[in-house]
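Visitor: Structure in structure tokens, see below.
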Amino acid sequence: MKNTMPSHKIITYLSLLMAGLFFFEFIKEFCLDLSFMEISAIAAFTTVLIIGNVLISVLLLTGKVKPSIWSLLFQIVLLIYAGWALYQIYVSSVVVTGPVYSH
Numbered sequence: 059m060k061n062t063m064p065s066h067k068i069i070t071y072l073s074l075l076m077a078g079l080f081f082f083e084f085i086k087e088f089c090l091d092l093s094f095m096e097i098s099a100i101a102a103f104t105t106v107l108i109i110g111n112v113l114i115s116v117l118l119l120t121g122k123v124k125p126s127i128w129s130l131l132f133q134i135v136l137l138i139y140a141g142w143a144l145y146q147i148y149v150s151s152v153v154v155t156g157p158v159y160s161h
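Right, here's the structure in full:
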């Protein structure tokens with residue numbers, strides 16, 4: 059288990075960095091007049107998973123939870139998922155090409 063310690067710290071710090079970027083974009087969307095009712099189920103699920111990953115990361119860094127191979131795998135899977143979510147946020151932009159009509 060001593061071999062997984064450095065990898066746990068690297069994965070944990072990457073998880074916190076990705077969560078910070080995700081929540082920065084999340085807060086930026088709320089500043090642009092997004093309401094809680096407009097959040098999709100996928101975005102809410104992603105937010106809950108990333109909050110869980112942050113809690114696990116903080117517990118691992120403070121030493122309250124012992125690192126295991128399962129926590130390492132869980133964090134790697136969530137890093138991949140959070141990376142995909144950030145990719146979708148940064149790459150997918152909505153462009154309106156037609157005229158906007160008001161009622």
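For the sequence shown, the numbering used here assigns the number 59 to the initial residue and increments by one for each residue that follows. Backbone N, C-alpha and C fix where the C-beta goes; we use that ideal spot for every residue, glycine too.
#1: Looking at C-alpha atoms only, which residue of K67, P125 and L136 is the closest neighbour of I108?
#2: For A143 and G121, what's the separation of their Cα atoms in angstroms?
#3: Helix, strand or coil for K124 per DSSP?
#4: Any idea what DSSP makes of S115, helix, strand or coil?
#5: Buried or exposed for L75, going by 16 or more other Cβ atoms inside 10 Å?
Guide: Walking through what the data contain:
#1: In terms of Cα proximity to I108, the closest of K67, P125 and L136 is L136.
#2: In a straight line, the C-alpha of A143 is about 29 angstroms away from that of G121.
#3: In this structure, K124 counts as coil in the three-state DSSP scheme.
#4: Correct three-state label for S115: helix.
#5: With fewer than 16 other beta carbons inside 10 angstroms of its own, L75 counts as exposed.
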